[in-house]
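J.:
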Amino acid sequence: MASMAIQLLGFFLGLFGFFGTVVATVLPHWRRTAYVGANLITATAYMKGLWMECAWHSTGIYQCEIHRSQLALPRDLQAARALMIISCVLSILAAILSSVGMKCTRCARNSAAKNPIAITGGICFIFAGILCLIPVSWSTNDIIQDFYNPVLPNGMKYEIGQALYVGFVSSALTLLGGTLLCMSCGTDRNRIPYQPQMRNNAYRAAPQYHPPAAYKGNHNPSRSSASSSGYRVHDYV
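Take the sequence shown: its position 12, counted from the start at 1, is 12 in full-length UniProt numbering, and no numbers get skipped.
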């Protein structure tokens, strides 16, 4: 019962991590304008994401432009796109495998492959969390290095956007969910069911009874045997 609850907890954590990964992939708030130096008060704020660049004006207008050319993008942005997409695909595969392999589902209930399927789903969740963590950490490192670069003008410096924070939380939830799934299935796999040992002396079969030889001839003669010896029964009546 406890392992079933741990499996459900791990599954829902991985599922929440998947939703967060999708949100972090779609949002354009990976980089946002840094308000330093002469940019302390500006009428326009810029944001950059994996798929688009957006500008927010003080008048309330919000404009976004999608990256139209795939080959014109920087290689780190292309790699971040690919890793986030692969992470989302792995999370979907992990959710399907985990729903099949968990104890609370009816799929493959009496099959010996139910536990390995759940472990495979947990491993997919772990890989999805790692793939989400790589581009998020990479982008965060680039933003911090550029921010503290004295050569770079203040107008070209950015701060960490909200999507990166969502990516960190999502990767942590996905990793934790996959770990819980693997641990819950591993404990059940190592558990040996109790089988009581039968005592040989208590259940030994009783020996077969053989009557003594002295009692074998101690029986009344039958009617046929008396008549065959020359005596008839009515002679004694």
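For each residue, glycine too, the CB sits at the ideal point set by N, CA and C.
Apart from the five residues just before and just after K157, which ones in its own chain have a Cβ nearer than 7 Å to its Cβ?
T.: For the purposes of this step, residue 157 is taken as the residue at position 157 of the sequence shown. Same-chain partners within the cutoff: A34, V36, D146, F147.
J.: Are three or more beta carbon pairs between the segment 57-72 and the segment 120-128 nearer than 8 Å?
T.: No, the segment 57-72 is not in contact with the segment 120-128.
J.: Mapping DSSP to helix, strand and coil, what is M4?
T.: Indexing the sequence shown from 1 puts residue 4 at position 4. Helix.
J.: Could you name the residues that DSSP lists as bridge partners for A55?
T.: Reading the sequence shown from its first residue, position 55 is the one you call residue 55. The partner list for A55 (beta bridge, DSSP) reads Y46, Q63.
J.: Which ranges does the alpha helix (DSSP H) cover as unbroken runs of at least 4 residues, wholly within the segment 71-142, from first to last along the chain?
T.: Entirely contained in the segment 71-142, the alpha helix (DSSP H) runs reaching 4 residues are, in chain order, 75-101.
J.: Using the C-alpha atoms, what's the distance from E53 back to K114?
T.: On the sequence shown, position 114 is the one that residue 114 refers to. On the sequence shown, position 53 is the one that residue 53 refers to. Going from the Cα of K114 to the Cα of E53 covers about 45 Å.
J.: Please work out which residues of its chain come closer than 7 Å, Cβ to Cβ, to C132, disregarding the five sequence neighbours upstream and downstream, and give them in chain order.
T.: Along the sequence shown, one-based indexing puts residue 132 at 132. For C132, where only same-chain residues beyond five positions count, the Cβ hits under 7 Å are T21, M84, S87, G167, S170, S171, T174.
J.: Return the CA-CA distance between I192 and M102, expressed in angstroms with no decimal places.
T.: In the sequence shown, the residue the question calls residue 192 occupies position 192. In the sequence shown, the residue the question calls residue 102 occupies position 102. Per-residue confidence for I192 stands at a pLDDT of 46, beneath the threshold of 50, marking its modelled position as unreliable; no derived number is given.
J.: Could you tell me the alpha carbon to alpha carbon distance between G49 and G17, rounded to whole angstroms?
T.: In the sequence shown, counting from the first residue as 1, residue 49 sits at position 49. In the sequence shown, counting from the first residue as 1, residue 17 sits at position 17. So the alpha carbons of these two residues sit roughly 19 Å apart.
J.: Output needed for residue 239: all residues of its chain with C-beta closer than 6 Å, excluding positions within five of it in sequence on either side, in chain order.
T.: With the chain covering 1 to 237 only, the question about residue 239 has no answer from this structure.
J.: Which residues share a DSSP beta bridge with T33?
T.: The residue given as residue 33 occupies position 33 in the sequence shown. According to DSSP, T33 bridges with Y158.
J.: Indicate the three-state DSSP secondary structure (helix, strand or coil) for L152 in the structure shown.
T.: One-based indexing of the sequence shown puts residue 152 at position 152. L152: coil per DSSP, three-state reduction.
J.: With Y29 and G177 assumed to form a contact (beta carbons below 8 Å), what rounded beta-carbon distance in angstroms separates them?
T.: In the sequence shown, residue 29 corresponds to position 29, counting from 1. In the sequence shown, residue 177 corresponds to position 177, counting from 1. Before going on, a small fix: residue 29 reads as His here, not Tyr. About 24 Å separates the two Cβ atoms, so there is no contact after all.
J.: Just how far apart, CA to CA, sit L73 and H67?
T.: In the sequence shown, residue 73 corresponds to position 73, counting from 1. In the sequence shown, residue 67 corresponds to position 67, counting from 1. Near 8 Å, if we compare the C-alpha coordinates of H67 and L73.
J.: What did DSSP end up calling S171 once you bin it into helix, strand or coil?
T.: Sequence index remark: in the sequence shown, residue 171 carries index 171 (1-based). DSSP places S171 in helix when its eight states are reduced to three.
J.: Give the DSSP-derived three-state secondary structure of L164 in the structure shown.
T.: One-based indexing of the sequence shown puts residue 164 at position 164. If DSSP states are grouped into helix, strand and coil, L164 belongs with the helices.
J.: Could you compute how far the alpha carbon of C182 sits from the alpha carbon of I119?
T.: Walking along the sequence shown from the start, residue 182 turns up at place 182. Walking along the sequence shown from the start, residue 119 turns up at place 119. For C182 and I119, the distance between alpha carbons rounds to 5 Å.
J.: What separation, rounded to the nearest whole angstrom, lies between the Cα atoms of L13 and A163?
T.: Position 13 of the sequence shown, counted from the start, is the residue given in the question as residue 13. Position 163 of the sequence shown, counted from the start, is the residue given in the question as residue 163. Each residue's alpha carbon lies about 19 Å from the other.
J.: Quick check on S69: does DSSP put it in helix, strand or coil?
T.: Numbered from its first residue, the sequence shown carries residue 69 at position 69. In the structure shown, S69 sits in coil (DSSP, three-state: anything other than H, G, I, E or B).
J.: Report the rounded CA-to-CA distance for L77 versus R109, giving the unit in angstroms.
T.: By one-based count along the sequence shown, residue 77 stands at place 77. By one-based count along the sequence shown, residue 109 stands at place 109. The straight-line gap from Cα to Cα measures roughly 44 Å.
J.: Cutting at 7 Å between CB atoms, please list the residues of its own chain near L9, excluding the five before and the five after it.
T.: Taking the sequence shown and counting its residues from 1, one reaches residue 9 at position 9. Cβ within range, chain order: L180.
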